[in-house]
Ligand code: BTN
């Protein structure tokens with residue numbers, strides 16, 4: 004009995020993404036990507052980082068059904084379940100050092116929002132710096148998270164772009180409201196969704212590489228969840244900074260009108276003031 008179950012556990016499950024089916028949906032852009040689908044890994048971003056260190060080309064994508072150590076922003080862990088979410092990481096390279104890449108996470112969020120909207124999703128919004136939310140009336144819930152990790156050397160900067168998208172609403176006990184794509188979009192087939200996101204990301208990343216976030220800013224603002232609303236910027240260990248959110252600047256910083264005037268916020272976690280509604 005024990006021997007049989009050991010044998011069974013060695014049988015490799017077929018990952019939920021089939022790179023051949025995906026390639027067919029990437030059309031003319033198929034040549035820009037090299038996709039590997041895994042049944043399980045620690046974190047698609049960690050796995051991609053190891054492969055990047057061994058010389059993997061830009062456009063390498065790792066998509067995994069299960070992550071045993073999925074990572075979120077600010078040291079948090081990222082939980083996902085195979086049938087209900089899409090977790091993948093994309094390797095991209097840029098010339099120059101990381102200081103030229105301010106606004107990259109916003110550009111990626113924009114790529115994601117545009118892809119989901121193209122699939123038919125209604126109510127997709129962006130929260131600075133890089134959450135994708137679903138708006139329903141005056142409520143916002145997190146649909147996807149983005150984690151970007153940069154490293155530079157004399158040849159330029161590599162970005163590991165990790166994306167976790169809920170296809171179905173997670174039922175775990177999370178500290179903030181969460182949503183799934185199926186709530187707002189008829190087309191949630193994982194091959195279609197991943198292909199649409201990759202195609203859209205090429206579009207925004209090419210513009211970003213050539214002209215920077217400034218060229219994408221107006222489009223980003225069109226999806227901005229908190230435009231002109233009262234928010235507070237929560238930083239690690241710092242006092243919450245309240246103000247009115249005026250949008251984002253061409254360098255990707257958040258523009259916050261505070262008692263001291265308009266301030267540029269370069270990193271942090273924004274949450275709405277508690278004014279009796281759910282916050283994303
Ligand atoms: C966030 O905290 O909002 C960002 C979450 C990013 C999660 C994705 S899932 C795929 C990739 N692999 C990881 O370990 N993290 C990112």
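Numbering (my numbering), first residue to last: 4 to 283. All C-beta atoms, glycine included, are put in the ideal place defined by N, C-alpha and C.
Nearest to residue 40 by alpha-carbon distance, out of 148, 56, 70, 31, is 70. Secondary-structure assignment with DSSP links residue 245 through a beta bridge to 235. If the five residues before and after residue 37 are omitted, its C-beta is found closer than 8 Å to the C-beta atoms of 59, 60, 62, 63, 64, all from its own chain and listed in chain order. Contact between the stretch 106-121 and the stretch 244-260 is present: three or more C-beta pairs spanning the two stretches fall below 8 Å. Counting C-beta atoms within 10 angstroms of its own C-beta, residue 215 has 16 or more neighbours from the protein chains shown and is therefore classed as buried. For residue 194, the uninterrupted alpha helix (DSSP H) segment begins and ends at 193-214. Annotation: the continuous beta strand (DSSP E) that includes residue 43 extends over 37-44. Three or more Cβ pairs drawn from the stretch 140-152 and the stretch 74-89 lie within less than 8 Å of each other, which places the two stretches in contact. It is roughly 15 Å from the alpha-carbon of residue 97 to the alpha-carbon of residue 35. A direct Cα-to-Cα measurement between residue 124 and residue 184 gives close to 7 Å. Within its own chain, the residues whose Cβ lies closer than 6 Å to the Cβ of residue 46, once the five positions on either side in sequence are excluded, are 70, 72, 73, 74, listed in chain order. Between residue 211 and residue 201, the beta carbon gap of about 15 Å keeps them out of contact (Cβ cut-off 8 Å).
Rounded to the nearest angstrom, the gap between the Cα atoms of residue 92 and residue 48 is 5 Å.
In the assembly as shown, residue 135 is a buried residue. Its beta-carbon has 16 or more other beta-carbons within 10 Å.
Inclusion of residue 197 and residue 20 in the CB contact set at 8 Å is warranted, their separation being smaller than that value.
Taken through DSSP and simplified to helix, strand or coil, residue 56 comes out as helix.
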